[in-house]
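Numbering (the working numbering), first residue to last: 24 to 427.
By construction, the Cβ of each residue, glycine as well, lies at the ideal position given by its N, Cα and C atoms.
Being a predicted model, the structure only gives us computed values, none of them experimental.
Take a look at the structure set out below.
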């Protein structure tokens, strides 16, 4: 590269000696290109030669008892060289600007915001069905048709729109709020037991209680009737309301093996590279995976983009693959017992609810071979009253009939 630059560069030299013109003649005979010869003073000439041949000019000048002085780069050569570099740089900038402008006419990144219950994958699939995906030419896209198509395909969306920022599409959604269930307070409802236990506290606001404090109730038993009977022996339908707390007993069991298989490194990490041009992938190497082998893969994605504005359809993928092997690892019994106890407590809390109270608990453990079993026996106090519709004799229904 340096030799090419020297061959192109022109250098101004000063020849000083008894006969500098003989140096020019010798240079011409030996193929040294000399131009712009100008006399400066007596026994002194100024000439322009190639920077690559300055050494040869000095060698010829020494044979004729002349000296080469004031070697400097020609302004014209320097200007042309810089001009070529600037032109190349300007051409490169123009090409990048054109590529960025063309890329901004296509959608290369889709971001979904505002969704909580509706999955992002379902929204992206609906957009793909409507013709909106990576590589879509957005000037021909009809936003109204896309909006109606997505709302028809995805249930639970109240509002949907697409905002375009260059090659980035922001999909903004608002989920539909479901109307609360309407309960007819005049319809007959009864309270029943969700769990067996001994009644320790009971408050009835409406309805006829069928149990009292100290009674043992079973799961599904009616606690408060929604069809009380008056003194005349007639039944009236009411919406039973109240609270029933009972003392319950639980016995929960969990087990786990103490020896488990653990993955460990089985060789040197390999790195593979790939480039995505739009939807086309170009792999560098024989294969981008290890079929049939246990391995750990870490992907690093580098996107060519101006964040939030322009994204070029070029993505660099780095894949770090580490072969793994399975080895037996034994867990300490103390740590395993603590994990099982916490699992049982979480399961108990899910059954008794947030307002439930654990009165007493006891853990026991047993070991069979390589399996550890932990049992939780506990006594709790919790709310068990649940509401459900009930039938009342001679009570009018919505159709105007009566229950016989």
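Identity of the residue in the options nearest residue i by Cα
{"i": "residue 138", "options": "200, 349, 164, 49", "result": "200"}
{"i": "residue 220", "options": "408, 414, 413", "result": "408"}
{"i": "residue 317", "options": "285, 396, 327", "result": "285"}
{"i": "residue 416", "options": "116, 251, 305", "result": "251"}
{"i": "residue 283", "options": "353, 149, 80", "result": "353"}
{"i": "residue 144", "options": "39, 177, 299, 240", "result": "177"}
{"i": "residue 350", "options": "287, 327, 385, 296", "result": "287"}
{"i": "residue 192", "options": "153, 57, 364, 129", "result": "129"}
{"i": "residue 299", "options": "280, 293, 325, 275", "result": "325"}
{"i": "residue 57", "options": "67, 42, 34, 327", "result": "34"}
{"i": "residue 343", "options": "319, 336, 327, 365", "result": "319"}
{"i": "residue 363", "options": "61, 239, 276", "result": "276"}
Secondary structure of residue i, DSSP reduced to three states
{"i": "residue 317", "result": "coil"}
{"i": "residue 130", "result": "strand"}
{"i": "residue 235", "result": "coil"}
{"i": "residue 174", "result": "helix"}
{"i": "residue 431", "result": "Only positions 24 to 427 of the chain appear in the structure, and residue 431 is not among them; the question remains open."}
{"i": "residue 413", "result": "coil"}
{"i": "residue 265", "result": "strand"}
{"i": "residue 42", "result": "coil"}
{"i": "residue 244", "result": "coil"}
{"i": "residue 378", "result": "coil"}
{"i": "residue 78", "result": "helix"}
{"i": "residue 140", "result": "coil"}
{"i": "residue 162", "result": "helix"}
{"i": "residue 286", "result": "strand"}
{"i": "residue 109", "result": "helix"}
{"i": "residue 34", "result": "strand"}
{"i": "residue 311", "result": "Any reading at residue 311 needs caution, since the residue's pLDDT is 47, under 50, leaving its predicted position unreliable; the model's value is listed next. Reduced to three states, the DSSP call for residue 311 is coil."}
{"i": "residue 292", "result": "coil"}
{"i": "residue 148", "result": "helix"}
{"i": "residue 85", "result": "helix"}
{"i": "residue 364", "result": "helix"}
{"i": "residue 57", "result": "strand"}
{"i": "residue 155", "result": "coil"}
For residue i, the residue or residues it bridges with in DSSP
{"i": "residue 64", "result": "67"}
{"i": "residue 327", "result": "Paired residues: none, contrary to the question."}
{"i": "residue 90", "result": "39"}
{"i": "residue 406", "result": "268"}
{"i": "residue 135", "result": "194"}
{"i": "residue 430", "result": "Since the displayed the chain opens at 24 and closes at 427, residue 430 lies outside it and no answer follows."}
{"i": "residue 352", "result": "283"}
{"i": "residue 227", "result": "265"}
{"i": "residue 297", "result": "306, 340"}
{"i": "residue 278", "result": "396"}
{"i": "residue 180", "result": "198"}
{"i": "residue 204", "result": "DSSP output for residue 204 lists no bridge partner at all."}
{"i": "residue 345", "result": "319"}
{"i": "residue 187", "result": "192"}
{"i": "residue 222", "result": "269"}
{"i": "residue 391", "result": "394"}
{"i": "residue 72", "result": "34, 57"}
{"i": "residue 401", "result": "273, 384"}
{"i": "residue 252", "result": "258"}
Neighbourhood of residue i by C-beta, 8 Å cutoff - its chain only, sequence neighbours within 5 removed
{"i": "residue 379", "result": "372, 403, 404, 405, 406"}
{"i": "residue 150", "result": "133, 156, 169, 173, 194"}
{"i": "residue 122", "result": "335"}
Beta-carbon separation (whole angstroms), residue i vs residue j, contact threshold 8 Å
{"i": "residue 164", "j": "residue 155", "result": "7 Å"}
{"i": "residue 59", "j": "residue 70", "result": "6 Å"}
{"i": "residue 242", "j": "residue 216", "result": "6 Å"}
{"i": "residue 222", "j": "residue 169", "result": "Not a contact, Cβ separation roughly 59 Å."}
{"i": "residue 126", "j": "residue 190", "result": "6 Å"}
{"i": "residue 334", "j": "residue 131", "result": "4 Å"}
{"i": "residue 36", "j": "residue 91", "result": "5 Å"}
{"i": "residue 301", "j": "residue 78", "result": "Wrong, their Cβ atoms sit about 53 Å apart, outside the cutoff."}
Other residues of its chain near residue i: CB distance less than 6 Å, five sequence neighbours each side excluded
{"i": "residue 76", "result": "55"}
{"i": "residue 45", "result": "87"}
{"i": "residue 245", "result": "213, 215, 233"}
{"i": "residue 307", "result": "296"}
{"i": "residue 43", "result": "68, 89"}
{"i": "residue 432", "result": "Shown here, the chain extends from 24 to 427; a query on residue 432 therefore has no answer."}
{"i": "residue 385", "result": "400"}
Cβ-based neighbour list, residue i, same chain, cut-off 7 Å, excluding 5 preceding and 5 following
{"i": "residue 303", "result": "none"}
{"i": "residue 383", "result": "401, 402"}
{"i": "residue 475", "result": "In the structure as shown, the chain begins at 24 and stops at 427. Residue 475 is therefore absent and cannot be evaluated."}
{"i": "residue 360", "result": "388, 395, 397"}
{"i": "residue 498", "result": "The shown model of the chain, from 24 to 427, leaves out residue 498, and the question about it has no answer."}
{"i": "residue 261", "result": "211, 229, 230, 249, 251"}
{"i": "residue 166", "result": "185"}
{"i": "residue 290", "result": "346"}
{"i": "residue 39", "result": "66, 67, 89, 90, 92"}
beta-carbon residue i near the ligand COA non-hydrogen atom, thresh 7 Å
{"i": "residue 114", "result": "The ligand content of the structure shown is nil, which means the ligand COA is not present either."}
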